[in-house]
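Here's the structure we're looking at; comments come further down.
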Amino acid sequence: MFQLSNDLLNIKVKAKGAELCEISSVKNNRQFMWHADPKVWASYAPNLFPIIGSMKDDSYIFNEKTYHMPKHGFVRHNEDIKLLEQTENSLTFSLKQNKQISEWFPFDFKFLLKYTLTDNILTLTHTVKNLGDSDMYFSIGGHPAFKCPFYDEENYTDYHLEFEHLETAKSYLLNMDNGLVTDQTKPVFNTKNTINLKPDLFNEDALIFKDLSSKKVALVSKNHGEILNVSFPDFKYLGIWAKPNAPYVCIEPWLGIADHENTNQDITKKEGIIKLAANKTFTASYSIQIHKQHLE
Numbered sequence: 018m019f020q021l022s023n024d025l026l027n028i029k030v031k032a033k034g035a036e037l038c039e040i041s042s043v044k045n046n047r048q049f050m051w052h053a054d055p056k057v058w059a060s061y062a063p064n065l066f067p068i069i070g071s072m073k074d075d076s077y078i079f080n081e082k083t084y085h086m087p088k089h090g091f092v093r094h095n096e097d098i099k100l101l102e103q104t105e106n107s108l109t110f111s112l113k114q115n116k117q118i119s120e121w122f123p124f125d126f127k128f129l130l131k132y133t134l135t136d137n138i139l140t141l142t143h144t145v146k147n148l149g150d151s152d153m154y155f156s157i158g159g160h161p162a163f164k165c166p167f168y169d170e171e172n173y174t175d176y177h178l179e180f181e182h183l184e185t186a187k188s189y190l191l192n193m194d195n196g197l198v199t200d201q202t203k204p205v206f207n208t209k210n211t212i213n214l215k216p217d218l219f220n221e222d223a224l225i226f227k228d229l230s231s232k233k234v235a236l237v238s239k240n241h242g243e244i245l246n247v248s249f250p251d252f253k254y255l256g257i258w259a260k261p262n263a264p265y266v267c268i269e270p271w272l273g274i275a276d277h278e279n280t281n282q283d284i285t286k287k288e289g290i291i292k293l294a295a296n297k298t299f300t301a302s303y304s305i306q307i308h309k310q311h312l313e
């Protein structure tokens, strides 16, 4: 377990998967992350690389060869990711190609994940380096789960998600049998920029947005105002998810998306896939800001 602290926040990160597992107030010890109850959902904030969600038949094709890939990729739960550097306000983790990974992912790479704590903001910076001599293909995503309701006297339905801009985007539905994206959509905004949280909101799995205008989403209590927000300027897609009837909500910035149900499985043609040229580096960040009134 690794830790960062300043005058406002304590941050903890698990060694396995370099997974964020705690954001708490220094002054009052309030916890903002979901507590990963294994009876409900045993994760806090998995790091998603090199794919998002599910692939058709848990596999893809590259250069006429089929590779298998775990859901959400191989960083989460990975015990080979190592702490590369620690400073007063940051932790940087690193994962490189190895024998096990090469069976899933035939590209020579280096994956870096940096946590930086500044005042009441935690920034996660993802860096991918293509160490090979040809193009590589990948996606990156976050999956942080936040406690909801936050205050004991409240209910889940006392909360909503507030987007920074007016929205017309619809959520793309998943095939409930295989977790793949369909062409079916449904409206989910209660007003032009809010989604009310309710226990059955995720009965059809995650809300998946491809074309939001907003790059910031806040978790808001009707009684206590904004609790926190997630800002994702570098990310095209967004997922919102929880287990039905569970006391948390995930706000998930994605660069990539699960396979479409009609995919031909060619990873070079996969929707949302990032193509990185040989010897090039790709970086994307998102941040979590805790409203200061809840830290006192």
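In our numbering, the protein residues as written are 18 to 313.
All C-beta atoms in this analysis are idealised placements derived from N, C-alpha and C, irrespective of residue type, glycine included.
Residue i in three-state terms, based on DSSP
{"i": "E184", "result": "coil"}
{"i": "E179", "result": "strand"}
{"i": "A301", "result": "strand"}
{"i": "K286", "result": "helix"}
{"i": "K82", "result": "strand"}
{"i": "G273", "result": "coil"}
{"i": "H89", "result": "coil"}
{"i": "T208", "result": "coil"}
{"i": "A331", "result": "For residue 331 there is no data in the structure shown, the boundaries of the chain being 18 and 313."}
Bounding residues of the beta strand (DSSP E) (the contiguous stretch that carries residue i)
{"i": "S248", "result": "242 to 248"}
{"i": "K99", "result": "99 to 103"}
{"i": "N27", "result": "26 to 30"}
{"i": "W258", "result": "254 to 258"}
{"i": "F128", "result": "126 to 135"}
Rounded Cβ spacing between residue i and residue j (contact assumed at less than 8 Å)
{"i": "K272", "j": "S111", "result": "According to the sequence provided, residue 272 is Leu. The question's Lys does not apply to it. Not confirmed; about 19 Å, so no contact."}
{"i": "H160", "j": "A62", "result": "6 Å"}
{"i": "T263", "j": "W58", "result": "For clarity, residue 263 is Ala in the given sequence; the question names Thr instead. Yes, they are in contact, since the Cβ atoms of A263 and W58 sit about 6 Å apart, within 8 Å."}
{"i": "I40", "j": "L139", "result": "7 Å"}
{"i": "V237", "j": "Y303", "result": "Going by Cβ atoms, the distance from V237 to Y303 rounds to 19 Å, so no, they are not a contact pair."}
{"i": "K116", "j": "E313", "result": "No, K116 and E313 are not in contact; Cβ-Cβ is about 50 Å, not under 8 Å."}
Beta-carbon proximity list for residue i, same chain, < 8 Å, skipping 5 on both sides
{"i": "G242", "result": "H308, Q310"}
{"i": "H289", "result": "At residue 289 the sequence reads Gly, which differs from the His that was named. Cβ within range, chain order: I69, S156, K253, Y254, W271, L272, G273, I274."}
Extent of the continuous alpha helix (DSSP H) run through residue i
{"i": "I118", "result": "116 to 121"}
Cβ neighbours of residue i in the same chain (closer than 6 Å, five flanking residues each side left out)
{"i": "D276", "result": "M72, K73, L197"}
{"i": "T211", "result": "H177, E179"}
{"i": "I78", "result": "Q282, D283"}
Of the listed residues the options, nearest to residue i (C-alpha basis)
{"i": "S107", "options": "Q114, L130, L293, F299", "result": "L130"}
{"i": "D158", "options": "K187, R47, N64", "result": "This sequence places Gly at residue 158; Asp is not what is there. Minimum Cα distance to G158 is reached at N64."}
{"i": "K31", "options": "N147, P67, D97", "result": "D97"}
{"i": "D54", "options": "K113, M86, K203, A162", "result": "A162"}
{"i": "V234", "options": "E221, F249, A223, L224", "result": "F249"}
{"i": "P294", "options": "Y154, K215, S22", "result": "As written in the sequence, residue 294 is Ala, which differs from the Pro given in the question. Per the Cα distances, Y154."}
Own chain partners of residue i with C-beta closer than 7 Å, once the 5 adjacent residues on each side are dropped
{"i": "K239", "result": "D175"}
{"i": "A259", "result": "F219, Y265, V266, C267"}
{"i": "K127", "result": "S111, K113, K146, L148"}
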